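Per my numbering, residue 20 is the first one in the sequence shown, and the count goes up by one each step.
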Amino acid sequence: MTDWPILKTYDERHLEAIALPLGGIGTGTVSLGGRGNLRDWEIMNRPSKGFVPVRSFGPCFVVFVKDGAGRTYARGLEGPIPLSLYEGASGSPAVNHGLPRFRQCSFAAAYPLGQVKLADPDMPIEVTLQAFNPLVPADPESSGIPVAVLRYVLRNRTDKTLQASVCGVLPNFIGNDGAGQGGAKANRNEFREG
């Protein structure tokens, strides 16, 4: 694996405001938050800062690790939720706030590349999330490809063999663009002949 360029690294005190847009120019974006969360889903032809599609769960990636002794570990592939997001009229407004997460997190940026580094003293692995969008300077065709790339790199911190799996979950939110009532009531379907 080659090293990615890093222009600036942000520690845990500065992650809440980070939102690296992922997606081709003119194709809509989802942003990679500073702690590894996916936020600002703007893929329904409208601005939607702050929108995260949530049904009974929200979009997330998790890791499951098993060591040779049969001990298992699981974590959401995100850094800790800021304390301010645990305060709300109905409890925490943070998506998937009940999932255990990695305790330590930093964000390394060199647009259009971003890396989230995750660590936890209770986990036998460290994780680096590498993400980028298809920006190619002076090439609008390549820069307009509707893609966001996420790559999770796991590093074994022990000298023992581990089994690990990464799983992603994205709810189907067709018909919900963050502008109002979602679900089937927000769909606009019409029949056309010819």
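Glycine is no exception: its CB is placed at the ideal position from the N, C-alpha and C atoms.
Quick caveat, the model's predicted, so the values are computed rather than measured.
Cβ-Cβ separation between P153 and G43: approximately 5 Å, consistent with a contact (criterion under 8 Å). Per DSSP, the continuous alpha helix (DSSP H) segment holding E160 begins and ends at 159–162. As the crow flies, the alpha-carbon of E35 is around 11 Å from that of S125.
Between the stretch 77–85 and the stretch 173–184 there are three or more C-beta pairs closer than 8 Å, enough to call the two in contact.
When DSSP states are grouped into helix, strand and coil, S125 belongs to the strand group. Selection P131, A157, L169, F121 evaluated against D141 yields F121 as nearest (Cα-Cα). Non-local C-beta neighbours of D22 in its own chain, meaning closer than 7 Å and more than five positions away in sequence, are absent.
In the three-state scheme derived from DSSP, where H, G and I count as helix and E and B as strand, E212 is classed as coil. In this model, R32 and S162 are separated by some 32 Å (Cα to Cα).
Exclusion of the five residues before and after V172 leaves T147 as the residues of its chain whose Cβ lies within less than 6 Å of its Cβ.
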